[in-house]
Amino acid sequence: MNRKQLFDQALNLPLADKAALVEQLLSSLDQPDRHIDELLVIEAERRIDAYDNGELRSSPAEQVFSRLKSN
43 MNRKQLFDQA
53 LNLPLADKAA
63 LVEQLLSSLD
73 QPDRHIDELL
83 VIEAERRIDA
93 YDNGELRSSP
103 AEQVFSRLKS
113 N
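Residues 43 to 113 in our numbering are what the sequence shown lists, from first letter to last.
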């Protein structure tokens, strides 16, 4: 069965079955990438260490959002 045939069959499904099929297809595309997750953890830890060592300064959220709005 090719993609068009599959699509045509899916169009004939009851609404609830179509919704379930769409949900399953979308969730199959959104698989976690462990490598990216590991890189994010490493970066977060690096930033925490830099902040703890005084190498990184912080700004109150109000200032950050104010600067973003003005740009």
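Virtual Cβ for every residue (Gly too), placed ideally from N, Cα, C.
Determine whether the beta carbon atoms of residue i and residue j lie at a separation below 8 Å.
i: ALA52; j: LYS46; result: no
i: LEU48; j: LEU55; result: no
i: ARG109; j: LEU98; result: no
i: SER100; j: TYR93; result: yes
Would DSSP call residue i helix, strand or coil?
i: GLU97; result: coil
i: LEU68; result: helix
i: GLN73; result: coil
i: LEU63; result: helix
i: LEU81; result: helix
i: LEU55; result: coil
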